[in-house]
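Enquirer: Can you read through this structure? Questions will come right after.
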Amino acid sequence: MAFTFFFRDAQTLNLAIDHFLPYIQSRRTITIWSAGCAMGQEPYTFAILLRERMGPNLFRNVKIYATDIDTYNQYVQVIGTGRYPEKDLQRIPPDIFNQYFKTDPEDPGFVYISDEIKNAVQFQKHDLLTFEPVRTGIQMIICKNVLLHFSAEERLLVWNMFWTALESGGFILHEHTQKIPEELEGKFTRIVMNAQIFRKPEPI
Ligand SMILES: C[S@@+](CC[C@H](N)C(=O)[O-])C[C@H]1O[C@@H](n2cnc3c(N)ncnc32)[C@H](O)[C@@H]1O
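This is the structure we're talking about:
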């Protein structure tokens, strides 16, 4: 089972949102790709944080494509139903828990995520090592704690695939402990010093 949890690295996700919101404020569709999303904790956390900052009207424009290799065909079911053990949600602030989760009436040990959040996230089985993007014209890619398992050559190919998938000006968010390959010099601009948040430069 993949290691992940709700509200993991929420500080970095919120920092990315600080920079992202002015960029997407007048968009009718906001397309985000959570690559290597495990059982949905990362895309659902990002959806909740965005909903908190955007409010219900603008949030309706958000679509998060959550993908994973999903080796054992489990994630499609979990993410599709948005049902999680209540004990997995202990890190969530109580007000967030009360607003976005409800107890399963048939099993009080489990909760369902709200339809508003669930409807913003769509799971798709996808192998990053095909080097084919799930779509192009994306405004934000989140890929954390996935590429460290790949070879240097594979990482470079995946980063180039992300470059193709992003629109010019789009954002990419990576885990703090990894550097991006030196060969990508000029293809991405790091926008903060305290987190691995990059943008694809817009043409001059
Ligand atoms: C440690 S989890 C990270 C989950 C989440 N991104 C986070 O940071 O909490 C790594 C995930 O990468 C997925 N993964 C591994 N190889 C992959 C590949 N080739 N394509 C897509 N996903 C992959 C695994 O299935 C697993 O769910």
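Using the numbering used here, you'd call the opening residue of the sequence shown number -18 and step up by one each time.
Quick reminder that beta carbons are idealized off the backbone N, C-alpha and C, glycines included.
It should be emphasised that the depicted structure is a prediction, and the values quoted were computed from it without experimental measurement.
For my contact list, residue 119 and residue 148 are in at a C-beta cut-off of 8 Å; report their separation, rounded to the angstrom.
Expert: About 6 Å separates the two Cβ atoms, so the contact holds.
Enquirer: With a CB to CB cut of under 8 Å and the five nearest residues on each side skipped, what residues in its chain are close to residue 35?
Expert: Excluding residues within five positions, the ones whose Cβ falls inside 8 Å are 2 and 43.
Enquirer: Quick check on this structure: which residue in -16, 112, 157 and 183 has the alpha carbon closest to the alpha carbon of residue 18?
Expert: Among -16, 112, 157 and 183, the Cα nearest to that of residue 18 belongs to -16.
Enquirer: Residue 121 by DSSP, collapsed to three states: which one?
Expert: Residue state, collapsed to three classes: strand.
Enquirer: Would you give the residue range spanned by the beta strand (DSSP E) that residue 155 belongs to?
Expert: Residue 155 -> beta strand (DSSP E) spans 147 to 155.
Enquirer: Going by DSSP, which residues form a beta bridge with residue 16?
Expert: 48, per the DSSP bridge assignment.
Enquirer: Which runs of the beta strand (DSSP E) fall wholly inside the stretch 59 to 108 and span at least 3 residues, in chain order?
Expert: Those beta strand (DSSP E) runs which fall completely within the stretch 59 to 108 and span 3+ residues are 64 to 66, 82 to 85, 88 to 94 and 102 to 106.
Enquirer: With respect to the beta strand (DSSP E) encompassing residue 179, which residues constitute its N-terminal and C-terminal limits?
Expert: Residue 179 -> beta strand (DSSP E) spans 177 to 180.
Enquirer: Quick check on the DSSP output: the alpha helix (DSSP H) that includes residue 113 runs from which residue to which?
Expert: That residue, residue 113, is in no alpha helix (DSSP H); it is neither H nor E in DSSP.
Enquirer: If we count the other Cβ atoms within 10 Å of its Cβ and call it buried at 16 or more, is residue 142 buried or exposed?
Expert: Residue 142 comes out buried.
Enquirer: Is there contact here, the stretch 7 to 23 with the stretch 57 to 65, by at least three beta-carbon pairs under 8 Å?
Expert: Output reads yes: the stretch 57 to 65 touches the stretch 7 to 23.
Enquirer: Sorry if obvious, but does the Cβ on residue 17 come closer than 7 Å to a heavy atom of ligand 1?
Expert: Correct: residue 17 has its Cβ closer than 7 Å to ligand 1.
Enquirer: Answer with buried or exposed for residue 45, where buried requires no fewer than 16 other C-beta atoms within 10 angstroms of its C-beta.
Expert: That one is buried.
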